[in-house]
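Chemist: Below is a structure I'd like to ask you about.
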Amino acid sequence: IAVKDTQGHETRYEYNIAGDLTAVIAPDGSRNGTQYDAWGKAICTTQGGLTRSMEYDAAGRVIRLTSENGSHTTFRYDVLDRLIQETGFDGRTQRYHHDLTGKLIRSEDEGLVTHWHYDEADRLTHRTVNGETAERWRYDERGWLTDISHISEGHRVAVYYGYDEKGRLTGERQTVHHPQTEALLWQHETRHAYNAQGLANRCIPDSLPAVEWLTYGSGYLAGMKLGDTPLVEYTRDRLHRETLRSFGRYELTTAYTPAGQLQSQHLNSLLSDRDYTWNDNGELIRISSPRQTRSYSYSTTGRLTGVHTTAANLDIRIPYATDPAGNRLPDPELHPDSTLSMWPDNRIARDAHYLYRYDRHGRLTEKTDLIPEGVIRTDDERTHRYHYDSQHRLVHYTRTQYEEPLVESRYLYDPLGRRVAKR
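Following full-length UniProt numbering, the numbering of the sequence shown begins with 1 at its first residue and continues without gaps.
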């Protein structure tokens, strides 16, 4: 079977006698293949000579995934087909426990033990990590969520919700309280309104004019206002794609190829023109403007291999080399002495600029400037350190030079993981 797009590019598809798609041949002749077992389950996929494979148990569940690097991720299940253990490429193991009704009640992640608690209506009420309360959920008599709270770096942070009679969200208030006195340190409230179609079209932040979205049809964005002041207006084609964006004294015009790809953009000035060129496989290969041109090259697997930027007084080539799984490697042209061919655990330990360290959860904990031999520069040997909470959120950052502190920051989050403070 073959399909031609509007530009005459042909993509071919091959199937086995069972009707499974076994190969996709791109217009340039590159081939992506898939093999299946007797039960019709994909057991390996190959693209550009690189293969990723899957193994199944007798029940048809994936139990082993092998990456292009040859590294493995394994999965275990209970008799009800629920995932109970996952061990990743980097050796990180996560376990899951369920009650008789199928609810998750306990999870383990390399020393982090989380318990999940529910009420009689099976609604989540609170969660503990290593014995300490992480979040609490509360509901009204209709079962609607009224607030979520947790402790972030000693501060109690909460989010409160309000609804209309139809159960639509009309207000959200975030609060941060003092660790010792519980005094309110900060709060922010946002109100929401809806149009006749039930679409959220109005947002009123604290002490600011309302932000209103203007829509048409089934909700396509036509413009936005701040109070009574129009900020931006959109003109769209019959496919609802943006063709003109007007904001203040500026107009951004956008055109598309017959295949629907971005073709050009023009912003009131020739200096802001952008033209986009694509190859037969649909990969972006060039962005041209009056000031500079940037070209992109790809491997047979579709991965970026190089960027070439040219301008009046500029000619820069940046090569990109990756291991079979797509992890960045030192480019052989710039680092001919490098013998590194892959990162088996998908954790990059060094590149041309930094040395990296990770914890057992796979989180980046330290990044140190890598000084090439024989190079002398100011502000060298800087080390960045990152510390996380039990939800893997960055809560403490330091930058040191020769072990002397240069910068230190701490961060607070609301129960939904949104950053609300930096100190």
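Beta carbons are placed, not taken as given, at the ideal position from N, Cα and C, and that holds for glycine. Computed from a prediction, not measured in an experiment: that's the story for all the values here.
Based on DSSP bridge pairs, tell me the residues matched to threonine 175.
Modeler: Ala158 and Gln187
Chemist: Alpha carbon to alpha carbon, what distance is there between leucine 394 and glutamate 108?
Modeler: 20 Å
Chemist: For histidine 387, which residues in the same chain have their Cβ closer than 7 Å to its Cβ, ignoring the five residues on either side in sequence?
Modeler: The residues are Val395 and His396.
Chemist: Taking the alpha carbon of arginine 410 as the reference point, which residue from Leu231, Val420, Gln401 and Glu403 has its own alpha carbon closest?
Modeler: The candidate whose alpha carbon is nearest that of arginine 410 is Val420.
Chemist: Residues in the same chain with beta-carbon distance under 8 Å from alanine 26, minus the five sequence neighbours each way, listed in chain order, please.
Modeler: Thr11, Asn32, Asp280 and Asn281
Chemist: May I ask you to report which of helix, strand or coil DSSP gives residue 462?
Modeler: Lying before the first or after the last residue shown, residue 462 is absent from the chain, which here runs from 1 to 423.
Chemist: Buried or exposed for serine 207, going by 16 or more other Cβ atoms inside 10 Å?
Modeler: exposed
Chemist: Looking at aspartate 414 and valine 113, is the spacing between their C-beta atoms short of 7 Å?
Modeler: no
Chemist: At 3 residues or longer, and completely inside the region 44 to 92: list those beta strand (DSSP E) runs for me, N to C.
Modeler: 50 to 56, 62 to 66, 72 to 77 and 83 to 87, all fully within the region 44 to 92.
Chemist: Would the region 233 to 240 count as touching the region 216 to 224 if we require 3 or more Cβ pairs under 8 Å?
Modeler: yes
Chemist: Which two residues bound the contiguous beta strand (DSSP E) that contains glutamate 108?
Modeler: 104 to 109
Chemist: Whose C-alpha, out of Asp351, Pro324, Gln292 and Leu83, is nearest the C-alpha of arginine 303?
Modeler: Pro324
Chemist: Would serine 152 be called buried (16 or more neighbouring beta carbons within 10 Å of its own) or exposed?
Modeler: Classification of serine 152: buried, given that the 10 Å Cβ count is 16 or more.
Chemist: Among residues of its own chain, excluding the 5 on either side of tyrosine 163, which ones have a beta-carbon nearer than 7 Å to its beta-carbon?
Modeler: Trp144, Leu169 and Thr170
Chemist: Can you list, in chain order, the residues of its chain with a C-beta nearer than 7 Å to that of alanine 183? Leave out the 5 residues immediately preceding and following it.
Modeler: His177
Chemist: Would you say the region 75 to 92 touches the region 326 to 334, given that touching needs at least three Cβ pairs under 8 Å?
Modeler: In short, these stretches do not touch, since the Cβ pair count stays below three.
Chemist: As an exercise, report each continuous beta strand (DSSP E) stretch of at least 3 residues that is fully enclosed by the UniProt domain "Teneurin-like YD-shell" (288 to 423), in chain order.
Modeler: 292 to 298, 304 to 311, 314 to 319, 354 to 358, 364 to 369, 382 to 388, 394 to 401, 404 to 413 and 419 to 422
Chemist: Comparing C-alpha positions only, which one of Thr300, Thr301 and Arg286 sits nearest to residue 429?
Modeler: Lying before the first or after the last residue shown, residue 429 is absent from the chain, which here runs from 1 to 423.
Chemist: Just how far apart, CA to CA, sit lysine 422 and glutamine 174?
Modeler: 15 Å
Chemist: The ligand PLP heavy atoms versus the CB of isoleucine 105: any closer than 6 Å?
Modeler: As far as ligands go, the structure on display features none, and thus does not contain the ligand PLP.
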